[in-house]
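Note sheet for the following structure.
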Amino acid sequence: MRLAGKVALVTGAGSGIGRATALLFAREGAKVLVVDVNTAAGKETVEQIAAAGGQGAFAHADVSKAADCAAMVQAAETNFGKLNVLFNNAGISHADDDDAVKTSEEVWDLTMAINLKSVFLGCKYGIPALRRAGGGSVINTASFVAHLGAATPQLAYTASKGGVLAMSRELAAVHARENIRVNALSPGPLRTELLMKYLNTDEKKQRRLVHVPMGRFGEAQEIAQAALFLASDESSFMTGSEFLVDGGITAAYTTPL
Ligand code: NAD
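Residue numbers (our numbering): 71 to 327.
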């Protein structure tokens with residue numbers, strides 16, 4: 071098993087990428103602290119982990135709040151004795167996030183708090199725990215939109231994910247000598263609730279798919295596999311990367327017909 075003996079904390083683990091990753095990490099031998107603001111969804115993930123014979127526990131946290139982030143890290147150590155892997159994954163894509171003229175200050179601030187400040191707070195409290203464990207792996211979910219400009223704007227979301235990339239690079243440089251690796255994980259467009267709520271008509275879906283060489287949305291499971299690699303010792307010489315798992319969208323100027 072690729073994560074045997076490790077303890078992992080996954081935020082946003084009640085749905086999408088977070089749930090798929092929590093289940094995969096547990097299957098690969100990790101004890102998983104499932105974190106979400108949605109208690110019912112988080113507890114459901116823990117039940118699915120247990121049903122598959124794995125070990126998980128739930129901690130409720132709003133990752134935009136410092137006290138919640140401190141408590142979630144403490145919950146990992148209290149439940150499982152240590153922390154080896156910190157996956158800062160929770161994020162939102164607000165329906166009213168648009169271009170600079172249309173996006174309200176409230177939507178901007180909320181998006182920054184949940185998508186960007188959360189990564190700072192996760193690291194603020196998680197890195198001391200990783201140090202206590204002798205090192206570890208931090209994975210921060212960014213997005214392909216931090217690499218490319220989109221004509222269908224979500225300005226706050228895009229800016230927040232650009233911040234995640236920049237922060238991940240600096241964290242990687244600062245903590246490399248402490249045996250703490252920090253990588254961003256940049257998914258392409260996925261068939262999860264977050265994106266399907268936003269691309270809510272066939273026309274909008276097709277407009278996005280025109281740009282994906284593979285011609286399809288990715289699955290949460292395909293991002294979970296990448297997170298598993300970054301979490302495990304198999305990626306031991308990787309830090310500060312922007313790991314793109316995107317069906318080729320950032321590589322293509324035009325796509326095959
Ligand atoms: P999702 O909506 O399926 O799941 C997100 C989870 O985060 C939910 O369970 C939600 O309850 C939780 N959450 C939201 N706000 C929270 C908060 N303040 N505190 C704690 N938990 C909170 O989304 P997903 O598609 O799995 O996205 C996960 C991450 O991947 C996000 O950071 C997202 O921006 C990023 N991403 C998604 C896509 C995509 O196409 N779906 C593409 C690139 C990046």
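We put the CB at the ideal spot given by N, CA and C, even for glycine.
Query, Result
"What are the residues that DSSP puts in a beta bridge with Thr211?", "Leu255"
"Rounded to whole angstroms, what's the CA-CA distance from Leu298 to Gly99? Just pull it up for me.", "11 Å"
"Rounded to the nearest angstrom, what separates Gly258 and Arg201 at their Cα positions?", "32 Å"
"I'd like the list of long-range same chain contacts for Asp132, defined as Cβ closer than 7 Å, with 5 residues on each side in sequence excluded.", "Val107, Asp138"
"Which word fits Lys231, buried or exposed, when buried means at least 16 other C-beta atoms lie within 10 angstroms of its C-beta?", "buried"
"Let me know if Gln224 comes out buried or exposed under the rule of 16 or more other beta-carbons within 10 Å of its beta-carbon.", "buried"
"What are the boundary residues of the beta strand (DSSP E) that includes Lys101?", "101-106"
"Give me the residue from Leu279, Ala242, Lys274, Leu265 with the minimum Cα distance to Phe307.", "Ala242"
"Hey, would you say His281 sits closer than 8 Å to Ser256, going by beta carbons?", "no"
"For Ala160, report the span of its beta strand (DSSP E) as first-last.", "That residue, Ala160, is in no beta strand (DSSP E); it is neither H nor E in DSSP."
"For Thr324, does the three-state DSSP call read helix, strand or coil?", "coil"
"Can you name, in chain order, every residue of its own chain whose Cβ lies under 8 Å from the Cβ of Val120, other than the five neighbours on each side?", "Rather than Val, the amino acid found at residue 120 in this sequence is Ala. These residues qualify, in order along the chain: Gly126."
"Determine the direct distance from the alpha carbon of Val105 to that of Gly84, and round the result to whole angstroms.", "7 Å"
"Report the rounded CA-to-CA distance for Val102 versus Ala129, giving the unit in angstroms.", "11 Å"
"Would DSSP call Thr271 helix, strand or coil?", "coil"
"Let me make sure I understand the geometry here. Which of Ser188, Asn154, Gly151, Leu153 has the alpha-carbon closest to that of Ile162?", "Ser188"
"What first and last residue would you give for the beta strand (DSSP E) that runs through Gln125?", "125-130"
"How big is the Cα-Cα spacing for Thr91 and Val315?", "14 Å"
"Ignore the nearest five residues each way along the sequence and tell me which others in Ala212's own chain have a CB closer than 6 Å to its CB.", "Lys231, Val234, Leu235, Ala254, Ser256"
"Within the present structure, is the beta-carbon of Pro259 separated from the nearest heavy atom of ligand 3 by less than 7 Å?", "Inclusion of ligand 3 in the displayed structure is not the case, the ligand content consisting of ligand 1 alone."
"How close, in whole Å, do the beta carbons of Ile87 and Ala321 come, if the pair is a contact with beta carbons under 8 Å?", "No, Ile87 and Ala321 are not in contact; Cβ-Cβ is about 21 Å, not under 8 Å."
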